[in-house]
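Chains as they are written, first to last, in this note's numbering: chain A, 1 to 394; chain B, 1 to 395.
Structure, rendered in structure tokens:
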């Protein structure tokens, strides 16, 4: 039986761990050992407790460069994991020490570029997995992500060159093959892309066979909608400045809103009433998407996919690049609108549009129609087959 | 031969890895194997030879603590702010440390400023050593004491709160509770790399004071070629730095300033016949030997080097840890502190230090008291301790 290491290096929340766990379970059941290397051990404790799968902290960058508007995967790398030579080397060596200790037969990377870099020259195969944002296409130059406000291509090329300098400093130290282009970082990793074309910022660069579908979302509490006749609004995500104003307006109706906001300020609970209810725990996404008329959400990929598959439109309130790109995709395919300024009036106006004008719902239904008859368990089984094959080849 | 795991959980900068490196080298020389678990891989990269040592990431609190305590009146408050605020968060880190221990199988654990790591190791039967300056090993009392007893304040409620979180987390792991936070620091040996007078906590009682560890070397001090007494200043940019440089210029003495980073404009402005600036680390031992007065932000390394060299200090503490240490130096008469960093205050204290011989005399008495201290022996002494513990614990 084999040893599988699942690496999650960048990003926050449970959006990486929960899908990885659903991929890990059948492999564990088949007798393989699965270990996790994670960005957030607190989140890992919550998601992985009782699973029998140990977790370790992923080497961390304590002084990320944090640039402004990011337009390409190379710029994302420069802003997060690839800033300083010595710092990157230090983390790459820490990943190598982990590989020496954990002895993986296969390494699965979800938003884990340094893990991939450190794995160069090692004898185990890599898989790169996740939604579109974290599985960039194997292409040079790397695509411009903000097509609606593109950067100067020279800047993007420069960013790629900077990444190569940093990455190849590490490969030289580790005695591994250097990169000729940024895509070499993941060129030899087998992609397992869990998303829908409609949510993929790199869709123009993919083939239809590249998509493995979406993973089933976590189970949760049955949704309790307010009683009455209004439309059902599912409100989900992180707090933001104008949230109190938005919730206040929703609490006055006429729609019936169920809000699940994990870090809701306690004083906002007073808004609960005949038109607004708060869920205290993770909601059963299948039931929610089936029963709602629209979702207003700040996060995440998994919920957006579930909404599309249920044929329901969305209003998206992105607070960071990954969600902004997903929101742009949704708006572009006609299944919703984004309100990136996160202003109360803008959000409420867009909600009225999406509910009032039929084309959003109709479009969402049409898109959902493309996926009727899909087997929701197929992505997980496909992944299990891939890993089994990779481990057998060793 | 033993496998030692050396852990550094809290605090920034090079100091912790720098402290552990010579110990690791001495142990490796005797045939033992060392693995480091470090908060920042960057510091390991800067200081450790990767051909000799490997390192792993230490568990840390990823998500920001929602409402950190301010001001921090005791180490319990520091712990709260580092992730002892919620049992679920702490449990995740404890579990991660345990998982690391489980896969590393250490024969002995060494901890520098590592409360979660120590708590995770508590119920395992692996011998452990806590080391550090006084600040990193709080006294064995409940509640953990005020950093600044003179300022007053209450700390019992923070101790109770953090203790409750710790015990809730322990319960979640199926482990027995602790009676007080200080119990986290119970170890087979506590090694204090300081001297009694420079322990951040006064009145600790007897403890293993081994003296400060050796400092990193640096470039030879390049003093201005001018008459006058020599003042060595090791500074970071701070709000009233310019006022200090003014006062130093007005003192008419020969001044060498090592400005760790930044403020190049000020360096250019004040560099002159009587003041030189170094932008690379200066050899502390030599600078202290040459100097008549040392100015710094009350870091333990510089203070101990100055006093052991019989030289008085002007102290400009920037944080609580430094304020505590500055107070100890003032207590023993070896210097003056200007914690408010006020221009007039710094100027007056500088003048007093230059005018009054008592400070140099007190520093001289301190140096004399520790004349026979051999800090170069520390790594071997540590290796002896490790081997003794290892031998006594072996089946």
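Ideal Cβ placement from N, Cα and C applies to all residues, glycine included.
Nearest to residue i (by Cα), restricted to the options the options
| i | options | result |
| --- | --- | --- |
| residue 241 of chain A | A:340, A:218, A:203 | A:340 |
| residue 209 of chain B | B:182, B:126, B:131, B:107 | B:131 |
| residue 101 of chain A | A:75, A:30, A:178, A:56 | A:56 |
| residue 225 of chain A | A:162, A:278, A:239, A:16 | A:278 |
| residue 69 of chain A | A:179, A:207, A:80 | A:80 |
| residue 399 of chain B | B:225, B:303, B:72 | Since the first residue of chain B shown is 1 and the last is 395, residue 399 of chain B is not available in this structure. |
| residue 81 of chain B | B:98, B:96, B:61 | B:61 |
| residue 371 of chain A | A:39, A:212, A:161, A:64 | A:212 |
| residue 378 of chain A | A:17, A:2, A:23 | A:23 |
| residue 169 of chain B | B:120, B:341, B:199 | B:120 |
| residue 29 of chain A | A:322, A:64, A:381 | A:381 |
| residue 308 of chain A | A:173, A:41, A:122, A:290 | A:290 |
| residue 321 of chain B | B:50, B:362, B:201, B:152 | B:201 |
| residue 66 of chain A | A:59, A:77, A:60 | A:77 |
| residue 287 of chain B | B:13, B:26, B:215, B:105 | B:215 |
| residue 25 of chain B | B:53, B:2, B:15 | B:53 |
| residue 39 of chain B | A:15, A:47, A:59 | A:59 |
Distance cut-off 7 angstroms: residue i Cβ against heavy atoms of the ligand NAD
| i | result |
| --- | --- |
| residue 373 of chain B | Annotation note on the ligand NAD: not contained in the displayed structure, which lists no ligands. |
Whether residue i touches residue j by CB criterion (8 angstroms)
| i | j | result |
| --- | --- | --- |
| residue 247 of chain B | residue 353 of chain B | no |
| residue 100 of chain B | residue 173 of chain B | no |
| residue 10 of chain B | residue 157 of chain B | no |
| residue 213 of chain B | residue 375 of chain B | yes |
| residue 291 of chain B | residue 311 of chain B | yes |
| residue 85 of chain A | residue 169 of chain A | yes |
| residue 368 of chain A | residue 295 of chain A | no |
| residue 26 of chain A | residue 72 of chain A | no |
| residue 249 of chain A | residue 273 of chain A | no |
| residue 44 of chain B | residue 17 of chain B | yes |
| residue 334 of chain B | residue 362 of chain B | yes |
| residue 159 of chain A | residue 185 of chain A | no |
| residue 397 of chain B | residue 324 of chain B | Residue 397 of chain B cannot be examined here, being either before or after the span of chain B that is shown, 1 to 395. |
| residue 57 of chain B | residue 68 of chain B | no |
| residue 389 of chain B | residue 48 of chain B | no |
| residue 376 of chain A | residue 216 of chain A | yes |
| residue 337 of chain A | residue 331 of chain A | yes |
| residue 59 of chain B | residue 97 of chain B | yes |
| residue 220 of chain A | residue 282 of chain A | yes |
| residue 115 of chain B | residue 184 of chain B | yes |
(request) Identify every run of the alpha helix (DSSP H) within the region 92-121 of chain A, keeping only runs that are complete inside it and at least 4 residues long; order them along the chain. (result) 113-119
(request) Let me know the alpha helix (DSSP H) ranges lying completely inside the region 300-346 of chain A, each 4 residues or longer, listed in chain order. (result) 301-309, 321-332
(request) Quick one: which residues of the region 123-145 of chain A get their C-beta closer than 9 angstroms to a C-beta of chain B? List them in chain order. (result) none
(request) Can you give me, in chain order, the residues of the region 97-109 of chain A that have a beta carbon less than 8 angstroms from any beta carbon in chain B? (result) 97, 98, 100, 101, 102
(message) In chain order, what are the residue ranges of uninterrupted alpha helix (DSSP H) at least 4 long that sit wholly in the region 264-341 of chain B?
(response) 264-270, 284-290, 300-308, 320-331
(message) Under 7 angstroms, CB to CB, which of the residues in the region 49-73 of chain A have a partner in chain B?
(response) 54, 55, 56, 57, 58, 59, 60, 62
(message) Between the region 195-202 of chain B and the region 302-320 of chain B, can you find at least three pairs of beta-carbon atoms closer than 8 angstroms?
(response) yes
(message) Is it the case that the region 261-270 of chain A contacts the region 321-330 of chain A, given that we only count it when at least three CB pairs across the two stretches are under 8 angstroms?
(response) no
(message) Ignoring anything shorter than 4 residues, give me the alpha helix (DSSP H) runs that lie fully in the region 29-67 of chain B, in order along the chain.
(response) 41-47
(message) Measuring CB atoms only, is the region 181-189 of chain A touching the region 121-136 of chain A, in the sense that at least three cross pairs come out at less than 8 angstroms?
(response) yes
(request) Examine the Cβ distances between the region 299-306 of chain A and the region 223-238 of chain A and report whether three or more of them are shorter than 8 angstroms. (result) yes
(message) Taking 8 angstroms as the cut-off, does the region 271-278 of chain B touch the region 254-263 of chain B (at least 3 CB pairs, one atom from each stretch)?
(response) yes
(request) Could you run through the region 39-58 of chain B and flag, in chain order, every residue whose CB is less than 8 angstroms away from some CB of chain A? (result) 39, 40, 41, 42, 43, 44, 45, 46, 50, 54, 55, 56, 57, 58
(message) Closer than 8 angstroms is the cut-off here; do at least three beta carbon pairs connect the region 198-209 of chain A with the region 133-151 of chain A?
(response) yes
(message) Quick check on the DSSP output: what are the complete beta strand (DSSP E) runs of length 3 or more inside the region 161-242 of chain B, in order along the chain?
(response) 189-192, 230-235
(message) Please give the ranges of any alpha helix (DSSP H) in the region 124-198 of chain A, keeping only runs that are unbroken, at least 4 residues long and fully inside the region.
(response) 153-174, 184-187
(message) Pairs of beta-carbons, one from the region 231-240 of chain B and one from the region 321-330 of chain B, closer than 8 angstroms: are there three or more?
(response) no
(request) For the region 309-316 of chain A and the region 356-370 of chain A, state whether three or more C-beta atom pairs, one from each stretch, are separated by less than 8 angstroms. (result) yes
(message) At 4 residues or longer, what runs of the alpha helix (DSSP H) sit wholly inside the region 21-87 of chain A?
(response) 41-48, 73-79
(message) Using a Cβ-Cβ cutoff of 7 angstroms, what residues of the region 80-94 of chain A are near chain B? List them in chain order.
(response) 86, 87, 89, 90, 91, 93, 94
(request) Mind checking the region 91-105 of chain B against chain A and listing, in chain order, the residues whose C-beta falls within less than 8 angstroms of any C-beta there? (result) 91, 92, 93, 95, 96, 99, 100, 102, 103, 104
(message) Three or more C-beta pairs under 8 angstroms: does that hold for the region 121-140 of chain B against the region 174-189 of chain B?
(response) yes
(request) With 9 angstroms as the C-beta to C-beta threshold (strictly closer), list the residues of the region 15-46 of chain A near chain B in chain order. (result) 35, 37, 38, 39, 40, 41, 42, 43, 44, 45, 46
(message) Does the structure place the region 3-15 of chain A close enough to the region 29-40 of chain A that three or more beta carbon pairs sit under 8 angstroms?
(response) yes
(request) Within the region 194-274 of chain A, note down every full beta strand (DSSP E) run reaching 3 residues or more, in order along the chain. (result) 232-236, 256-260
(request) With 9 angstroms as the C-beta to C-beta threshold (strictly closer), list the residues of the region 66-89 of chain B near chain A in chain order. (result) 66, 83, 86, 88, 89
(request) Below 8 angstroms between beta carbons is the criterion; list the residues of the region 254-273 of chain B that meet it against any residue of chain A, in chain order. (result) none
(request) Pull out every residue of the region 276-308 of chain B whose Cβ sits closer than 8 angstroms to any Cβ of chain A, in chain order. (result) none
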